[in-house]
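Under the working numbering, think of the first position of the sequence shown as 12, with each following residue one higher. Every residue, glycine too, gets a C-beta built ideally from N, C-alpha and C. Written below as C-alpha cells is the structure these notes are about.
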Amino acid sequence: MIIIADGGSTKTNWCLVTEEGKKVYFNTEGYNPYFSDEEYIIQSLKENLPTDLDLAAITEVNYYGAGCSTADKRQIVENAMQAVFTHSKINVGHDLLAAARALLGNTEGFAAILGTGTNTCIYDGKDVANNIDSGAYILGDEGSGCYIGKKLLTDYIRGYMPEAVRKNFWDTFQLTPDDINERVYTQPRANRFCASFSKFVYDNIVNIEYSRNIVRTSFEDFFRNLVTHYPDYQKYTFNCIGSVGYNFRNVLEEVATENGMTVGRIIRSPIDDLVKYHLELSPSHL
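Below, the structure written as C-alpha cells:
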C-alpha cells in the first residue's frame, strides 16, 4: 500500500491506495516545518491518523508539504514521517510541485497556490523551473487567506471597517484590538490565525462591496508583485489550487483576465489529480 499526501499550512489531505487499488481518504492538520518541529509532527500524526490504519503494511509515503522547499526543511518532515511510518520509503517534496503536477500533469505551464499562503511557479512538465519567493506571511503571501485576513484585521484595529461590518465582526468573534495583537505577536501559528478570517470575508453579507474590495485588492497585489514578474507570463494559462482561489474564483478570474492571462483550471484541492499523477503518469516517483 502507498500513501500520497498534500499538506498545506492548515490541513493535510491524505490518500491511501491499497494493493487492490481502493482509495481511502483522510485528513490531518498541516505540517509546515517553518512552524512545526519534528517532535510536534510526530505527536500530531500519532494522535490524528486513523486508528485502523495499518502502518506496517504501508510501503511508500509520498508527502508534498508547505514549507518543504529546502533540503533542511524537508529533512524535518522526512524524519517525522519515518518515525511514524517505520516500514515505509519516505519521499518528501514541496506543495508547489504537488500543485503543478496536479494542475498540469506532464505539461509545462503556470501554476499557483492560493490557500493559507501563496506560491507560484513556471513548471516544465516535470519539475518547478522558475519560482519567485512568496516572502511568506510576514513579508509577502499576497492573495492568500492570511493576506486577506491581515487586511481585514488591520481595518478592524485601525477603525477603518464600515460600522455594520465592525458590529458583525464583534458579534462573531468578541475580539478587541488588544486581543488580536496578542494572538498575532505572542502566540504560535499567527499565519493560521490571520487566514481564518478569510472565511468571515467570504461569509460577510452586510457589506458585500467592502468584502469584495478586500479580495480584489489582495489579488491585484498578487498579480502585480508575483505573477507579472515571470517572463512571458501571458503566454500561459492561469492555473490555481487552494481554498482561497477556489472560493473567490469569480474575482480571481476577473483580475487574471485584466492582467492578460487566459484562465485554465482553478480547483480547491490537488489530492485527486495528484493521486492520478502518481498512479498513471509517474508511478512511485516524487
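Under the three-state reduction of DSSP, which class applies to residue i: helix, strand or coil?
i: Asp190; result: helix
i: Asp83; result: helix
i: Ser55; result: helix
i: His105; result: strand
i: His296; result: Residue confidence for His296 is low, a pLDDT of 47 falling below 50, so the modelled location carries little weight; the figure read from the coordinates is stated next. In this structure, His296 counts as coil in the three-state DSSP scheme.
i: Tyr171; result: coil
i: Phe121; result: strand
i: Asn218; result: coil
i: Thr316; result: Since the first residue shown for the chain is 12 and the last is 297, residue 316 is missing from the structure and cannot be characterised.
i: Tyr45; result: coil
i: Asn142; result: coil
i: Gly271; result: coil
i: Tyr134; result: strand
i: Arg276; result: strand
i: Thr129; result: strand
i: Glu31; result: coil
If you follow the alpha helix (DSSP H) that residue i is in, where does it begin and where does it stop?
i: Val35; result: Where Val35 is concerned, there is no enclosing alpha helix (DSSP H), although the beta strand (DSSP E) it sits in stretches over 34–40.
i: Val286; result: 282–287
i: Ala206; result: 201–206
i: Leu237; result: Per DSSP, Leu237 belongs to no alpha helix (DSSP H) and is neither H nor E.
i: Ala68; result: No alpha helix (DSSP H) holds Ala68; DSSP gives it neither H nor E.
i: Tyr148; result: 147–150
May I ask which residues mark the beginning and end of the beta strand (DSSP E) holding residue i?
i: Asn250; result: 249–252
i: Asn73; result: 71–76
i: Ala16; result: 13–18
Please report the Cβ distance between residue i and residue j, rounded to the nearest whole angstrom; I am assuming they are in contact, meaning their Cβ atoms lie under 8 Å.
i: Glu71; j: Lys100; result: 5 Å
i: Gly19; j: Pro44; result: At roughly 13 Å, the Cβ-Cβ gap does not stay under 8 Å, so Gly19 and Pro44 are not in contact.
i: Asn102; j: Tyr134; result: Not confirmed; about 18 Å, so no contact.
i: Thr23; j: Tyr42; result: 6 Å
i: Ile168; j: Pro188; result: 4 Å
i: Thr183; j: Gly156; result: The pair is not a contact, with the Cβ atoms about 17 Å apart (cut-off 8 Å).
i: Ile278; j: Ile124; result: Wrong, their Cβ atoms sit about 11 Å apart, outside the cutoff.
i: Ala109; j: Leu285; result: 5 Å
When the Cα of residue i is compared with those of the options, which residue comes out closest?
i: Ile216; options: Gly128, Asn179, Leu263; result: Asn179
i: Leu66; options: Glu31, Leu27, Cys205; result: Leu27
i: Ala201; options: Ala16, Thr21, Asp17; result: Thr21
i: Gly256; options: Met92, Ala122, Thr29; result: Ala122
i: Gly76; options: Asn250, Asn218, Ala91; result: Ala91
i: Ile282; options: Arg177, Trp25, Ile13; result: Trp25
i: Glu280; options: Ala94, Val274, Asn258; result: Here residue 280 turns out to be Ser, not Glu, going by the sequence shown. Considering only alpha carbons, the answer is Asn258.
i: Phe46; options: Val238, Lys210, Val88; result: Val88
i: Val139; options: Ile278, His240, Ala111; result: Ala111
i: Thr273; options: Val286, Phe249, Ile143; result: Phe249
i: Ile225; options: Glu269, Glu153, Ile278; result: Glu153
i: Glu58; options: Tyr36, Ala68, Val95; result: Val95
i: Gly104; options: Met12, Ile277, Ser80; result: Ser80
i: Asn141; options: Thr39, Ile13, His240; result: His240
i: Ser55; options: Leu186, Ala16, Glu40; result: Glu40
i: Ile69; options: Asn218, Ile14, Pro242; result: Ile14
i: Val212; options: Gly32, Leu107, Asp243, Arg177; result: Arg177
i: His302; options: Gly170, Met12, Asp106, Gly136; result: The question about residue 302 has no answer, for the chain in this structure spans 12 to 297.
i: Glu50; options: Gln93, Leu186, Leu64; result: Gln93
i: Tyr288; options: Gly120, Gln185, Lys137; result: Lys137
i: Tyr221; options: Leu186, Asp243, Glu174, Tyr247; result: Glu174
Please confirm whether any heavy atom of the ligand ZN lies closer than 7 Å to the CB of residue i.
i: Met12; result: Ligands displayed in this structure: none; no statement on the ligand ZN is therefore possible.
So, does the segment 256–265 touch the segment 215–233, judging by three or more C-beta pairs under 8 Å? Between the segment 256–265 and the segment 215–233, the count of Cβ pairs shorter than 8 Å is three or higher; the stretches touch.
Measuring CB atoms only, is the segment 149–169 touching the segment 202–211, in the sense that at least three cross pairs come out at less than 8 Å? Taking a contact to require three or more Cβ pairs closer than 8 Å, the segment 149–169 and the segment 202–211 qualify as touching.
Does the pairing of the segment 135–151 with the segment 219–231 give three or more beta-carbon distances under 8 Å? They do not touch, by the three-pair rule.
Do the segment 113–120 and the segment 80–93 make contact, defined as three or more Cβ pairs closer than 8 Å? Output reads no: the segment 80–93 does not touch the segment 113–120.
Inspect the CB distances between the segment 126–133 and the segment 182–200 and report whether three or more fall short of 8 Å. Between the segment 126–133 and the segment 182–200 there are fewer than three inter-stretch CB-CB distances shorter than 8 Å, so the stretches are not counted as touching.
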